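Number of protein chains: 2
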Amino acid sequence: MNKRKKIAIIGVGLIGGSMALQLHEKKLSSKLIGVENNPQHAEEALEAELVDEILPLDEAIKEAEVIFLAVPVNVQVDLLPRILDKVTDQIVLDMGSTKADIIAAVQKHPKRGRYVATHPMWGTEYSGPKAAVRGAFEGKAVILCNKKDSDPDAVEWVEKMYTKIGMKLVEMDARAHDLHVAYVSHISHITSFALANTVLEKEKVESAIFQIASAGFESTVRLAKSSPAMWVPIFLQNKDNILDVLTEHIDQLVKFKNYIANSDQENLRSLIVEANKIRRIIK
Amino acid sequence: MNKRKKIAIIGVGLIGGSMALQLHEKKLSSKLIGVENNPQHAEEALEAELVDEILPLDEAIKEAEVIFLAVPVNVQVDLLPRILDKVTDQIVLDMGSTKADIIAAVQKHPKRGRYVATHPMWGTEYSGPKAAVRGAFEGKAVILCNKKDSDPDAVEWVEKMYTKIGMKLVEMDARAHDLHVAYVSHISHITSFALANTVLEKEKVESAIFQIASAGFESTVRLAKSSPAMWVPIFLQNKDNILDVLTEHIDQLVKFKNYIANSDQENLRSLIVEANKIRRIIK
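These protein sequence lines are chains A and B, in that order.
First residue of the first sequence: 1, per our numbering; consecutive thereafter.
First residue of the second sequence: 1001, per our numbering; consecutive thereafter.
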């Protein structure tokens, strides 16, 4: 980790931009190259000095020693094989919210070893380079998937890099990853979107309904501001796990509904006492 | 509002304790009397100097000029008529999360005019006097219900008091209040409780599932730490509105489920674009 590297970041939005800030701050990069299809985002990324220059994909691949992929997960599945086609000994990593499909897309690629599958557990409900946050990722978990399929030197650099930016390394196979994130990330986004829509529907007949909304409502609904370009592909790539968790969550809501309908104090109390055990996890 | 008043707070927990801090800070009270059935809470309230002394209910009513009711909503319905039986010209107000049942409980009481029905839109997922927060309520909305049934002098003091502690006055009849809060407060608690239970159930087979939980999950699930003693009575008193909003919310979740099951990108995108309109409300 002594030598700084030339790093390309494909997709300089919330995640790519925040990563650029960290790589620079932790002196991990000798040069930061952005690849960005959206001209406005490209301009904003340069203005905010997230990257040193914006280059076309092929030039960026050629110049970089490490390539970060920070694009929506549907784009990743298309892009990663094409990037591996062109790498010699560069390290390639993605930071996407699903892992099984992207790993499957390059499983038999001759350059599979150059790719390290990762998922840093950080994000916000905003998007684009202007949403980039300084000091993001610090203290959070990062999941590395199917490490044994990546070359040791690539894994070593990636692990040292994440450790240096303050992340806690967690290992998991891709299937386990996709199941776990369905429960502790993806479902939260669906409940927030659905809750926003529930209340926005009601606002059509009760126009002042948001006048009295407070912090509790805001907390449960803030993720509803998240971008469809990022989340539709995640929901579709992680379909089976998400359908499982959604079915279970709806069952839990139906329990509440039935106990409330029957004014069943004892069972309602038990459901809440059970839910309170989340205090063990969230201080 | 020139003259400070002797104020009794029935229930010195999260809400009562936070209100005590505000009344003291804004120089609204000449003396703060706590009434607290839980001996540990009584002791904690005195230690934290939330109140000047703890008195039995009857003595507190006799000594106070203003009486704040800050107990669970099922207790309110029992207690408010008994308090009004004993007041002469004191002002009595409650701060509960439901309004129709409590107002109905005293509608024909000869002292109905001394009572002002209010709901300051602030709270946290914690409870008890140790959870009291300095500067709570500031900048939040407070709802006054069925003002015309309260004596003008009582309304005047209550409105000036809430204004002085920085709250924005909103008027609503009790039925409208209960409907509105079902949508912008009560449902958020149910979705959080249900989400906590969904993931806690999964933890039984996937023990490391919380290792990777991030801020988004925490945000949607933090209300699941809320107390059953407070929330079971709210859900039962506001049963009809809550069943309506729960039914609508489950319908919204089922839409997501169906579109995901059918890999229907276009409709999923539309649901999220719709949900993004919450940006108009929550910055």
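Virtual Cβ for every residue (Gly too), placed ideally from N, Cα, C.
Note that this is a predicted model, so its numbers are computed, not measured.
So what does B:LEU1069 bridge to, in DSSP terms? The partner list for B:LEU1069 (beta bridge, DSSP) reads B:ILE1010, B:ASP1094.
Closer than 9 angstroms, Cβ to any Cβ of chain B: which residues of the stretch 205-223 of chain A, in chain order? Under the 9 angstroms Cβ criterion, the stretch 205-223 of chain A contributes GLU206, ALA208, ILE209, PHE210, GLN211, ILE212, ALA213, SER214, ALA215, GLY216, PHE217, GLU218, SER219, THR220, VAL221, ARG222, LEU223.
Tell me A:ILE33's beta-bridge partners as DSSP assigns them. In the DSSP assignment, A:ILE33 is bridged to A:ALA8, A:GLU53.
The stretch 220-233 of chain A in contact with the stretch 1266-1281 of chain B per 3-pair CB rule at 8 angstroms: Output reads yes: the stretch 1266-1281 of chain B touches the stretch 220-233 of chain A.
Check each residue of the stretch 187-201 of chain A: if its Cβ is closer than 8 angstroms to any Cβ of chain B, include it; give the result in chain order. Listed by position, the residues of the stretch 187-201 of chain A near chain B (Cβ gap below 8 angstroms) are ILE187, SER188, HIS189, ILE190, THR191, SER192, PHE193, ALA194, LEU195, ALA196, ASN197, THR198, VAL199, LEU200, GLU201.
Could you name the residues that DSSP lists as bridge partners for B:ALA1117? According to DSSP, B:ALA1117 bridges with B:ASP1094, B:CYS1145.
Could you check what DSSP says for B:LEU1028 in three-state terms: helix, strand or coil? It is coil, neither helix nor strand.
Assumed close pair A:LYS5, A:SER29 - CB separation to whole angstroms, cut-off 8 angstroms: Contact holds; Cβ gap of about 6 angstroms.
is_contact[B:PHE1137, chain A] using C-beta, thresh 8 angstroms: Chain A places no beta carbon closer than 8 angstroms to that of B:PHE1137, leaving this residue out of the contacts.
Taking 8 angstroms as the threshold, find out whether the stretch 1137-1147 of chain B comes into contact with the stretch 1163-1177 of chain B through three or more Cβ pairs. When Cβ pairs closer than 8 angstroms are counted between the two stretches, the stretch 1137-1147 of chain B is seen to touch the stretch 1163-1177 of chain B, the count reaching three or more.
Could you confirm whether any beta carbon from chain B is found closer than 8 angstroms to the beta carbon of A:GLU248? Output row for A:GLU248: interface = yes.
Do you know offhand how far B:ALA1176's Cα is from A:GLU53's? Distance between the alpha carbons of B:ALA1176 and A:GLU53: 56 angstroms.
For A:ARG114, which residues in chain B fall below 7 angstroms Cβ to Cβ? None at all; the shortest Cβ gap to chain B is about 25 angstroms.
Within the continuous beta strand (DSSP E) that includes A:LYS168, where are the two ends? Per DSSP, A:LYS168 is one residue of the beta strand (DSSP E) stretching across 168-172.
Quick check on the burial criterion: 16 or more other C-beta atoms within 10 angstroms. Buried or exposed for B:GLU1036? Counting Cβ neighbours within 10 Å, B:GLU1036 comes out buried, since at least 16 surround it.
Near the ligand FAD: B:MET1121 beta-carbon under 7 angstroms from a heavy atom: As presented, the structure is devoid of all ligands, the ligand FAD included, so that no description of it is given.
With DSSP run on the structure shown, which of helix, strand or coil describes A:PRO233? In the structure shown, A:PRO233 falls within a helical segment according to DSSP collapsed to helix, strand and coil.
Straight-line Cα distance separating B:GLU1065 from B:ALA1045: If you draw a straight line from the Cα of B:ALA1045 to the Cα of B:GLU1065, it comes to about 21 angstroms.
First and last residue of the uninterrupted alpha helix (DSSP H) at A:VAL106: From DSSP, the alpha helix (DSSP H) with A:VAL106 extends over 100-106.
Neighbour list for A:ALA275 in chain B, Cβ cutoff strictly below 7 angstroms: Those are PHE1193, ALA1196, ASN1197, ALA1224, listed as they occur along chain B.
Say whether the stretch 174-190 of chain A touches the stretch 243-257 of chain A, bearing in mind that this needs 3 or more beta-carbon pairs closer than 8 angstroms, one atom from each stretch. Between the stretch 174-190 of chain A and the stretch 243-257 of chain A, the count of C-beta pairs closer than 8 angstroms reaches three or more; the two stretches touch.
Please classify A:HIS177: does DSSP put it in a helix, a strand, or coil? Here A:HIS177 sits in helix by DSSP.
From A:VAL71, A:ASP264, A:SER150, pick the residue whose C-alpha is nearest to that of A:HIS109; which is it? Per the Cα distances, A:SER150.
List the residues of chain B whose Cβ lies closer than 8 angstroms to the Cβ of A:GLN265, in chain order. At a C-beta separation below 8 angstroms, A:GLN265 has these neighbours in chain B: VAL1232, LEU1236.
Roughly how far, in whole angstroms, is the beta-carbon of A:GLY16 from the beta-carbon of A:SER127, given that I think they are within contact range, below 8 angstroms? The pair is not a contact, with the Cβ atoms about 11 angstroms apart (cut-off 8 angstroms).
Roughly how many whole angstroms lie between the Cα atoms of A:LYS86 and B:TRP1122? Taking C-alpha positions only, A:LYS86 is separated from B:TRP1122 by approximately 57 angstroms.
Our contact map puts A:LEU80 next to A:VAL106 with C-beta atoms below 8 angstroms; I'd like the distance itself, whole angstroms only. Indeed they touch by this definition, with Cβ atoms about 5 angstroms apart.
Can you look up A:VAL205 in the DSSP assignment and give me helix, strand or coil? It is coil, neither helix nor strand.
Note down, in chain order, all residues in the stretch 64-90 of chain A with a beta-carbon under 7 angstroms from any beta-carbon belonging to chain B. Under the 7 angstroms Cβ criterion, the stretch 64-90 of chain A contributes no residue.
What are the boundary residues of the alpha helix (DSSP H) that includes A:LEU46? DSSP places A:LEU46 in the uninterrupted alpha helix (DSSP H) bounded by 39-47.
Boundaries of the alpha helix (DSSP H) in which B:VAL1158 is found, first to last residue: From DSSP, the alpha helix (DSSP H) with B:VAL1158 extends over 1152-1164.
Please confirm if B:VAL1158 has its CB atom under 8 angstroms from at least one CB of chain A. The beta-carbon of B:VAL1158 is placed no less than 8 angstroms from the nearest beta-carbon of chain A.
Suppose the cutoff is 6 angstroms on Cβ atoms and the five residues either side in sequence are ignored; what does the same chain contact list for A:GLY34 look like? For A:GLY34, same chain residues with a beta-carbon under 6 angstroms away, outside a window of 5 residues either side, are ILE9, VAL12, ALA45, VAL51, ILE54 in chain order.
First and last residue of the alpha helix (DSSP H) that includes B:ARG1269? Run containing B:ARG1269: 1265-1275, per the alpha helix (DSSP H) assignment.
List the whole-angstrom C-beta distance separating B:ARG1114 from B:ASP1094, where the pair is believed to meet the contact cut-off of C-beta under 8 angstroms. For a cut-off of 8 angstroms, the C-beta gap from B:ARG1114 to B:ASP1094 is around 12 angstroms, too long to register as a contact.
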